[in-house]
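Using UniProt numbering, the letters of the sequence shown correspond one by one to residues 1 to 186. Ideal Cβ positions, reconstructed from N, Cα and C, are used throughout, including at glycine. The structure displayed is predicted, hence computed values, not measured ones. I have placed the structure first, in the form of structure tokens, so that the comments after it can refer back to it.
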Amino acid sequence: MDRGLPKHRKAKDHQAALAYGEVPGFVNALQASDAALAVRLGFEFLILTAARTGEVLGATWDEIDLDEKIWTVPAARMKAQRVNRVPLTDRCMAILREARQLGDNGIVFPGRSSQKPLSNMAFLMVLRRTQVEATAHGFRSAFRDWAAETTNHPREVCEMALAHTVENKVEAAYRRGTGARSLAMG
Numbered sequence: 001m002d003r004g005l006p007k008h009r010k011a012k013d014h015q016a017a018l019a020y021g022e023v024p025g026f027v028n029a030l031q032a033s034d035a036a037l038a039v040r041l042g043f044e045f046l047i048l049t050a051a052r053t054g055e056v057l058g059a060t061w062d063e064i065d066l067d068e069k070i071w072t073v074p075a076a077r078m079k080a081q082r083v084n085r086v087p088l089t090d091r092c093m094a095i096l097r098e099a100r101q102l103g104d105n106g107i108v109f110p111g112r113s114s115q116k117p118l119s120n121m122a123f124l125m126v127l128r129r130t131q132v133e134a135t136a137h138g139f140r141s142a143f144r145d146w147a148a149e150t151t152n153h154p155r156e157v158c159e160m161a162l163a164h165t166v167e168n169k170v171e172a173a174y175r176r177g178t179g180a181r182s183l184a185m186g
């Protein structure tokens, strides 16, 4: 009987991230930047919702319930292939009201053509121009650090806010809800 420790998973490279205390300064610099309005709004929305870049870039108006203040991301656009309901803060709602002025072709944050969303490079270019050594995805790490270090929310709630999947198969079998993310940095 030769049983050792469980197989060690190789660590993935981490995305460069700002410390959560530096995020408000970045948002101020973002708002003051010469980036296109859709880029500024989309990037701040990404930060406030702790969403993945592709989720924000692909956001459509039919996913947004302005009355209920909920953004419902369809399973097909989620990494875990599960519907995700994201509660929207007052600032997120203000961003959406401003984004509505960019056009009404169904895309929340349109690119150069109002018919297509922003490109994957839009946020990266802002980071380069502002000389911030982070990735858009790294703001999810800043959110997670903020949630762990400044709130009393249980780990599970923080992980749900990031739409992370439950790795424990037994726990996952019992957790079938489509619970909404409920934390917002700020």
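For R77, which residues of its own chain have a beta-carbon under 8 Å away from its beta-carbon, when the five flanking residues on both sides are left out? G54, E55 and G58, listed in sequence order.
What residues match up with D90 in a beta bridge as DSSP calls it? DSSP, once it has assigned bridges, lists no residue as partnering D90.
From what residue to what residue does the alpha helix (DSSP H) around W146 run? From DSSP, the alpha helix (DSSP H) with W146 extends over G138 to T150.
Where do the ends of the alpha helix (DSSP H) carrying I47 lie? For I47, the uninterrupted alpha helix (DSSP H) segment begins and ends at L37 to T49.
Can you tell me which of the three DSSP states T130 falls into? T130 falls in the coil class under three-state DSSP.
So for D65, helix, strand or coil by DSSP? Three-state DSSP puts D65 in a strand.
Provide the residue span of the beta strand (DSSP E) that contains T72, from first to last. Taken as a continuous stretch (DSSP letters only), the beta strand (DSSP E) holding T72 covers I70 to V73.
Cutoff 7 Å; reference A134; Cβ partners in own chain excluding five residues on either side: Cβ-Cβ distances below 7 Å link A134 to A16, A17, L18 and L127 in the same chain, with the five nearest sequence neighbours on each side left out; the list follows chain order.
Here's the rule: buried if 16 or more other CB atoms are within 10 angstroms of the residue's CB, otherwise exposed. What is N105? An exposed status is given to N105, since fewer than 16 other beta-carbon atoms sit within 10 Å of its beta-carbon.
Compare the beta carbon distance of A136 and L30 with 8 Å and say whether it is the shorter of the two. The answer is no: Cβ separation not under 8 Å.
Can you give me the Cβ contacts of M93 inside the same chain, cut-off strictly under 8 Å, excluding the 5 residues immediately before and after it? The residues are L66 and K69.
Looking at the structure shown, is R112 part of a helix, part of a strand, or coil, going by DSSP? DSSP, reduced to helix, strand and coil, places R112 outside both helices and strands of the structure shown, so it counts as coil.
Excluding the 5 residues preceding and the 5 following G111 in the sequence, name in chain order all residues of the same chain whose CB lies nearer than 8 Å to its CB. Here the set comprises A38, P117, L118, S119 and A122.
Exposed unless 16 or more other CB atoms sit within 10 angstroms - verdict on S113: In the assembly as shown, S113 is an exposed residue. Its beta-carbon has fewer than 16 other beta-carbons within 10 Å.
Closest to D62 by C-alpha separation, out of D34, P74 and R52, would be which residue? Comparing Cα-Cα distances from D62 to each of D34, P74 and R52, the minimum goes to P74.
In the DSSP assignment, find the alpha helix (DSSP H) that holds P154 and state where it starts and stops. It is not in any alpha helix (DSSP H) - P154 carries neither H nor E in the DSSP assignment.
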